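Enquirer: I'd like to ask you about the structure that follows.
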Amino acid sequence: MKRRQWLQIAGSTIAALGIDSFDLQQKALHYGRVLAQSTPRKKALLVGINQYTGVKKGEWLPLQGAVNDVDLQHELLTLRFGFHPHDVKVLKDKNATRANILQVFQDHLIRDTQPGDVIVFHFSGHGSNVIDDENLHGDHVNGTIVPYDNELPLGYPHVGGEVNDITAGTLFLLMAALKTENVTVVLDSCYAGAGVRGNLIVRSRPGHFELRGGDRSSKLAMSLEEQAYQAQWLKDLHLPQEQWLQLRKDQIANGVAILAATRNQQAVDAVFAGDIHSGVFTHALTQYLWQTTSSQTVRTVIHATQDKTEKFLKTVPNSQVQTPYFEAKPGRGNDEKPVYFASFANALSADAVITQVQGNQVRLLLTVDPTSVESMGRGAQLQLVDANGEAQGTVTVTSRQQLEAVGILQLKNSSKVVSGSVLQEQIRAIPRNITLRVGLHDSLGADQATAKALLQAIPQLEALSLLQQEVHVILGRKDGRIGLFSPGFDLVPDSIGTVGETVTDAIERLRATFSLLLAARILKLMLNAPSSQLKVSVAMRMADSSEVLAQSLTGRQEGRSVQTLPSQPKNQIQSLPQLKVGQKFQLVVRNKEAQPLYIGVVFLNPDGTVLPYPIEILLQKNEERTIPPQAGIELQSPLGVAEILAIASTVSVEKALNALAALRNSQSEARRGEAAVAAVDQLLDDLDATTRHGKPASDVRLVDTRQMATLSIAFEIVA
Amino acid sequence: MMIEQGSNPSGKPRTDSFKLPATADGQAQISRNLSDSYYWALFILIGNGL
């Protein structure tokens, strides 16, 4: 965060524009006018580029989630923040040429904009870098965003040349030209590190940094057209070139800039819930803003987004994560203003939102956590809630495709249903045919076909090529040894074999691990803390200490949403809690229901496998219990990110534990894996039976938010 | 330019990072019928030598 960011643009736009900025009184008056304005316009330009004209030469890859990002942002701005659809312009793929992006920015965002208007510019696509002869940031490059019509020069990476990227200097000028301070620029791209990581694609095109010519004088530079464009803006803004350069060293030009990753990190394009591609950052940002109940400050939102991004990408210590952050123009209090400088149209936590109504048929956008999307398909039930959180009706989902679902609406009375009406989860439908998706890495070489055949023969397991669908784990080779890797291609602890091990032996060796990963995958489909209505909480603390390290509680206690954010340190990137090997912890589970609850606890190891706590705990109403009551659970290697799941249920989970207990004398690791899957299956069957009240079972298992809560605490085990 | 990155290999059999106490719970704080699994389900998980 200390490092200068590439978007660091301007000292004082106001000064740069020749307007009085020193006169605080005048400023106050100006703000008064802004606040008095009843309807400031809210305008946005959203750019998403998957396909590029220049990728065919092979130095860089198309993306898969950038266009989706724009759709997510579009739904959020129109349905959540009340932007008028006519005021949100979208440029995708071939429409997102350099000329178009600049033209629409000028015509739609800059022209006719008044003080107080709200402006959002979002870019999802590749970023890159070009030489900076002025060396403003000490590393001789300028960050850029890459338009659709973009080609690397002939002979790249051995020789340089010019590219038609839109550079940071231009973005500075465009932001400065906006006659409002309520400006947010969101960039889900990064400027270096082009390539692939496991099942993730890095959102950057090779640039000046990545030149490999022997000749040191080789440069990749911005186009002459870009230079001329900047010169024109400098003239129009009456901004001397020297002042512009000086300003860019210090800070951004205007408003707030939200960036997907810090300068030395990579922003990645990922896939989740099977087949949904998006930027890890954009998805985390938009999903958080749907889940939260009121418009929060940009600081709070980015903090929460960091947390989500980290949980998605972090698998082992030192694994590569990306840390979204924001830059605010200083002295304006922008960091404490609501994100996007706008308030919510509807201040309710949303698991889905209605996008279209036709008779009793409704179309929904799912806004739940990525791990819950697969449980929101056919059979799931959501409750329509009014502005006070009161139930007005029920939607039963009939089908789902990616984040879009179709359902049948049953209204309690003649309530009004409109686009943007909020739905909250009531019953989730967990498919029976859940599979563990194993990606096959190119490093397997000629063994790929054998590996695929062997893996496909294992029940509930799919073997898949990378960069197409979501995979939960990757089978690959490192230094001649076969092992498992995370989707971001970090080695899964203790999964690596010996040199010379055949792929057949490796898969046999890893069979128990696959089962334990499958059990964990199914359990994670139960995670419903934000939507569960059971009043229950779990906290983690060091044994013999009262200090709470982390806690999780359900989100909809008494119909209201609960804020679960930890306190936020200023200007500091918060990480997962860290515990050392040898440290002992205890859990404190509290039942705030007026009825008894059964509690089961499951640990998820850093390699993603499950370890169930063998005892079911019955908590009476308003009872609190420490688990284990004495001593504590000691941590040991393997190191990495671990998770604790606490399942609270109105029905006993005893049968599930019996499924495990039946195998307690077995010394076979493979049988332990099978037992774990059987136990999880039993647990879901029991919950399903309770939810159905005697109705026949189907190919989905139903879990009611009023009957079950699964809470999660993630932390990192370090040496 | 297509660089794959990841962490370094280690190399030993799979273990759990959580060492559950051998007698996972003391009995004093239990508010539950003695006949149920809370008491008899104290088993050792397979294979981790605890």
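Line by line, the protein sequences give chains A and B.
Under my numbering, read the first sequence as residues 24 to 742, first letter to last.
Under my numbering, read the second sequence as residues 12 to 61, first letter to last.
All residues carry an ideal CB built from backbone N, CA and C; glycine is no exception.
Predicted model, so just to flag it, every value in this text is computed and none were measured.
(1) Let's test the definition: count the other Cβ atoms within 10 Å of the Cβ of Leu52(A) and tell me whether it reaches 16, buried, or not, exposed.
(2) Just how far apart, CA to CA, sit Ala679(A) and His107(A)?
(3) Can you check which of these residues, Glu448(A), Asn436(A), Ala370(A) and Val440(A), is closest to Gly400(A) by C-alpha distance?
(4) Counting only Cβ pairs nearer than 8 Å, list the residues of chain B close to Asp630(A).
(5) Residues of chain B with CB closer than 7 Å to the CB of Glu657(A), please, in chain order.
(6) Against chain A, does Gln40(B) count as a neighbour if the rule is that its beta carbon must be under 9 Å from one of theirs?
(7) List, in order along the chain, the chain B residues whose C-beta lies closer than 8 Å to that of Ser660(A)?
(8) Could I get the ranges of all uninterrupted beta strand (DSSP E) runs contained in the segment 48-121 of chain A, with 3 residues as the minimum, in chain order?
(9) Less than 9 Å between the beta carbons of Thr332(A) and Asp92(A), yes or no?
(10) Which residues in chain B sit within 8 Å of Ile740(A), going by Cβ to Cβ distance?
(11) Under 8 Å: do the segment 535-545 of chain A and the segment 623-635 of chain A share three or more Cβ pairs, one atom per stretch?
(12) Label Leu487(A) either buried or exposed according to how many other C-beta atoms from any shown protein chain fall within 10 Å of its C-beta, with 16 as the threshold for buried.
(13) Apart from the five residues on each side of it in sequence, which residues of its chain come closer than 6 Å, Cβ to Cβ, to Glu739(A)?
(14) Within 10 Å of its beta-carbon, does Lys115(A) have 16 or more other beta-carbons around it, so buried, or fewer, so exposed?
(15) Find the nearest neighbour of Ser246(A) within the set Leu262(A), Leu197(A), Gly184(A) and Gln659(A), judged by alpha-carbon distance.
(16) Mark Ile431(A) as exposed unless 16 or more other C-beta atoms lie within 10 angstroms of its C-beta, in which case mark it buried.
(17) In the structure shown, what three-state DSSP assignment does His181(A) receive?
(18) Where does Leu308(A) sit, in a helix, a strand or coil, going by DSSP?
(19) Quick check: what's the CA-CA separation for Arg534(A) versus Ala693(A)?
(20) Per DSSP, what are the beta-bridge partners of His228(A) in this structure?
(21) Check whether the Cβ atoms of Ala552(A) and Ala296(A) lie closer than 9 Å to each other.
(22) Are Val515(A) and Val461(A) touching if we call contact CB-CB under 9 Å?
(23) Distance check for Ala254(A) and Ser757(A), CA to CA, integer angstroms please.
(24) Taking only beta-carbon atoms, is Glu692(A) less than 9 Å away from chain B?
(25) Closest to Ala428(A) by C-alpha separation, out of Thr419(A), Asn436(A) and Lys435(A), would be which residue?
(26) For Phe104(A) versus Phe349(A), is the C-beta spacing smaller than 9 Å?
(27) Is DSSP giving Tyr171(A) helix, strand or coil here?
(28) Grab the span of the beta strand (DSSP E) containing Asp727(A) for me, first residue to last.
(29) Where does Gln479(A) fall in DSSP's three states?
(30) If you follow the beta strand (DSSP E) that Gln288(A) is part of, which residue opens it and which one closes it?
(31) With hydrogens ignored, establish whether the beta-carbon of Lys112(A) is closer than 8 Å to any heavy atom of the ligand SAM.
(32) Is it a yes or a no for the segment 67-82 of chain A touching the segment 143-160 of chain A, going by three-plus beta-carbon pairs under 8 Å?
(33) Buried or exposed: where does Leu707(A) fall if 16 or more other Cβ atoms within 10 Å of its Cβ makes it buried?
(34) Mind pulling the beta strand (DSSP E) runs of 3 or more residues that sit fully within the segment 444-504 of chain A?
(35) Compare the C-beta of Thr473(A) against all C-beta atoms of chain B and say whether one is closer than 9 Å.
(36) If Arg451(A) and Ser372(A) are in contact, beta carbons under 8 Å, what's the gap, nearest whole angstrom?
Expert: Checking against the coordinates, here is how it stands:
(1) Residue confidence for Leu52(A) is low, a pLDDT of 40 falling below 50, so the modelled location carries little weight; the figure read from the coordinates is stated next. Exposed: under 16 other Cβ atoms inside 10 Å.
(2) 51 Å
(3) Glu448(A)
(4) Arg25
(5) Lys30
(6) Only weak support is given to the placement of Gln40(B): the predicted model assigns it a pLDDT of 30, under 50, and the value that follows is read from those uncertain coordinates. It does; some Cβ of chain A falls within 9 Å.
(7) Thr26 and Ser28
(8) 65-71 and 111-115
(9) no
(10) Ser28
(11) yes
(12) buried
(13) Leu599, Gln601 and Val664
(14) buried
(15) Gly184(A)
(16) exposed
(17) coil
(18) helix
(19) 7 Å
(20) Reading off the sequence, residue 228(A) comes out as Arg, not His. Partner(s): none; Arg228(A) has no beta bridge.
(21) no
(22) no
(23) The displayed coordinates of chain A run from 24 to 742. Any statement about residue 757(A) would go beyond what the structure contains.
(24) yes
(25) Thr419(A)
(26) no
(27) coil
(28) Val723 to Asp727
(29) helix
(30) Gln288(A) -> no beta strand (DSSP E), and no H or E assigned at all.
(31) The ligand SAM is absent from the structure shown, which contains no ligand whatsoever.
(32) yes
(33) buried
(34) 445-454, 459-463, 484-488 and 496-501
(35) no
(36) With a Cβ gap of about 16 Å, Arg451(A) and Ser372(A) do not count as contacting.
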